[in-house]
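Those sequence lines, one after another, are chains A and B.
Residues -8 to 401, numbered by the working numbering, are exactly what the first sequence covers, in order.
Residues 50 to 122, numbered by the working numbering, are exactly what the second sequence covers, in order.
So the structure is just underneath, and the comments pick up after that.
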Amino acid sequence: MLEFDFPPLQPMVFTVTTLTNYLRELLETDEILRDVWVRGEISNFSQPRSGHLYFTLKDNDAQLRCVMWKGQTFRLRFNPKDGQSVEAHGAMSFYPAGGQVQLYVDEMQPVGEGQLYQEFLRLKARLEAEGLFAPELKRPIPQFPRHIGVITSASGAALQDILNTLRRRLPLARVTLAPTAVQGAEAPGGIVGAFQSLKTLPDLDLIILARGGGSIEDLWPFNDEAVAYAIRASHVPVISGVGHETDFTIADFAADLRAPTPTAAAELATPITSSDLRAELIATNQLMATSLKSKLTSLRQDLLLAENRLQRHSPAQRVRTFLQFQDETRERLERAMSHYLAQHQLKLQSQVARLESVSPMAVLRRGFAIVTDAQTHQLISRRNQTSPNQSIQIQLSDGKIAATISGDTP
Amino acid sequence: MTDQPTPSFEAAFASLQQIITQLENTELPLEEALKLYEEGKRLSDICSQLLETAQLRVETLSSTSANTDGEPA
């Protein structure tokens, strides 16, 4: 503390350093000033090579010098610029070399962001309680969408990112753009209207709701409850791709699938790409050929089997069998016949011999003769059968002679 | 084949998948299998053709709100 020396009539004189040090000490020990939020508009903003930020915060009637050390700037979620209304937090102190009281900022956000964030959390909690974000509501994303609806700005970079990605991955698809403002007060109504327009397309498979990166205010339409309801009321699954990786909006929570960026949304919308399909086609062709080939092979085997069976039961085979049988039969027949004949030959010979033995011819050969009447051919074996001059025939062993009885008769 | 109108890729691809399933059924009569195979080849050719020539078709619905998009290009 400063010492006041007597005599009091003589005014006390301080060095600048002493006084400013006193001032600085006062500021830095003040309960309010060492931990304070201040709202104002940025002006004279500069960021030299050192990386520290220098600017003035002002309102209509006053201004305040501010500095933000480089080490604190990584926490900033926006790029400060002149004219921007911000809320800055830090400690007041005195900068002796510059002769200025200034605010040493350690945290800063655009005006209203804190309020917006609170609003966001409240809406999120309410919709969550309503069950709007329930996992069981999430519809599966079709594997192979033919017709994709895109809700975004017609002039935005997001649309080009999406179209380029779809062109690269699945040019077979059809895209219908439902253009709408994606920032500003009209945007939520426009987005809801876009969902309604797309509902008139019955063959739509999927909707991408997208917007490129921007400030939290820029993305604010995607934190609108009407947009959330429109997403859930959509007749087809919705993929959201809003802002950057780190941005989460109500729309992301309501969507069936959240993509970190518009490009990623287009990628997630096309899980199967043209090159996948090409590969699948090749595989399909091979499968088809293999199927047919194995079918032919098995048919060929069946045919072979059938041919064998047929061969066994063919008429030709039966004819052969029959012919063989017939040959055998004929042989048997001939054998039987010749046996029979042989037998009978023998019998015949013996009969002939017997016959021979009783034949009159045998007697004739011994010198006897057979006499018959020439007219009546009656055998003459007695005298009384004869008469004189009777013509007779005499059978000798080697022929007949004619004769007349001349001698005595009884 | 006959003068059938060119089907969409999806329709042709779906038919192709069906044909494979049918072809894998061994009870199929040969004539039918051959017919299916031919049809499968035809569909596969159509699919390839469509894949090679595909161009992303983009249509735009007439905007419900005025074209004050706001987002910079």
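Quick reminder that beta carbons are idealized off the backbone N, C-alpha and C, glycines included.
Contact annotation: in the region 89 to 108 of chain A, no residue has its CB less than 8 Å from a CB in chain B.
In this structure, Thr252/A places its C-beta atom within 8 Å of the C-beta atom of His235/A.
Between Ile95/B and Ala63/B a beta carbon distance of about 12 Å is seen, past the 8 Å cut, so the two are scored as non-contacting. Under the 8 Å Cβ criterion, the region 176 to 183 of chain A counts as touching the region 215 to 232 of chain A, having at least three qualifying pairs.
According to DSSP, Gln75/A shares a beta bridge with no other residue. Counting only the Cα atoms, Glu319/A lies some 52 Å from Val354/A. With respect to Leu197/A, Ile230/A sits close: the two C-beta atoms are nearer than 8 Å.
For Asn299/A, the enclosing alpha helix (DSSP H) stretches over residues 265 to 303.
Contact between Leu48/A and Leu55/A holds, with the beta-carbon distance rounding to 5 Å and staying under 8 Å.
Listed in chain order, the positions of the region 91 to 103 of chain B with a beta carbon within less than 8 Å of a beta carbon of chain A are Ser93, Cys96, Ser97, Leu99, Leu100, Ala103. Put simply, of Tyr220/A, His226/A, Gly205/A, Pro136/A the residue whose alpha carbon is nearest the alpha carbon of Gly232/A is Gly205/A. At least one C-beta of chain B is nearer than 8 Å to the C-beta of Thr275/A. Taking a C-beta cut-off of 8 Å against chain A, the contacting residues of the region 54 to 79 of chain B are Ser57, Phe58, Glu59, Phe62, Leu65, Gln66, Ile68, Ile69, Leu72, Glu73, Thr75, Leu77, Leu79, listed in chain order. Interface residue (Cβ-Cβ distance to chain B less than 8 Å): Arg303/A is not classified as such.
Checking the DSSP bridge columns, you'll see Pro170/A partnered with Thr143/A. Identification of chain A residues near Glu108/B by a Cβ-Cβ cut-off of 8 Å yields Arg165, Val166, Thr167, Leu168, ordered along the chain. Boundaries of the alpha helix (DSSP H) around Glu319/A: 306 to 349. With a contact defined as Cβ atoms closer than 8 Å, Leu105/B and Leu157/A qualify at about 6 Å. Secondary-structure assignment with DSSP links Ala257/A through no beta bridge to anything. Leu210/A and Arg202/A do touch by the CB rule: their CB atoms are close to 7 Å apart, below 8 Å.
Just so you know, the alpha carbons of Arg160/A and Glu101/B end up roughly 13 Å apart. Residue environment for Val166/A: buried (at least 16 other C-beta atoms within 10 angstroms of its C-beta). The three-state reading of DSSP puts Pro212/A in helix, counting H, G and I together. A direct Cα-to-Cα measurement between Asn380/A and Gln369/A gives close to 16 Å. For the 8 Å CB-CB criterion, Pro136/A and Thr240/A do not form a contact. Under the 10 Å beta carbon count, Gln340/A is surrounded by fewer than 16 other beta carbons and is classified as exposed. Ranked by Cα distance from Lys190/A, the options Ala221/A, Glu322/A, Ile207/A, Gln93/A are led by Ala221/A.
An exposed status is given to Asp389/A, since fewer than 16 other beta-carbon atoms sit within 10 Å of its beta-carbon. Counting only runs that start and end inside the region 29 to 106 of chain A, the beta strand (DSSP E) elements of at least 3 residues fall at 44 to 49, 54 to 59, 76 to 86, 91 to 101. For Leu283/A, the chain B residues whose Cβ falls inside 8 Å of its Cβ are Leu72, Ala82, Leu83, Tyr86, in order along the chain. Per DSSP, reduced to three states, the secondary structure at Lys90/B is helical.
Beyond the five residues adjoining it in sequence on each side, Leu85/B comes within less than 6 Å, by CB distance, of Ile68, Gln71, Leu72 in the same chain, given in chain order.
As the crow flies, the alpha-carbon of Leu283/A is around 15 Å from that of Ser93/B. Of the candidates Glu78/A, Pro131/A, Gly103/A, Phe46/A, Phe46/A places its Cα closest to the Cα of Gln93/A. In this structure the region 3 to 21 of chain A lies against the region 75 to 95 of chain A, because at least three pairs of beta carbons, one per stretch, are closer than 8 Å. Ile68/B sits in a helix when the DSSP states are folded into three classes.
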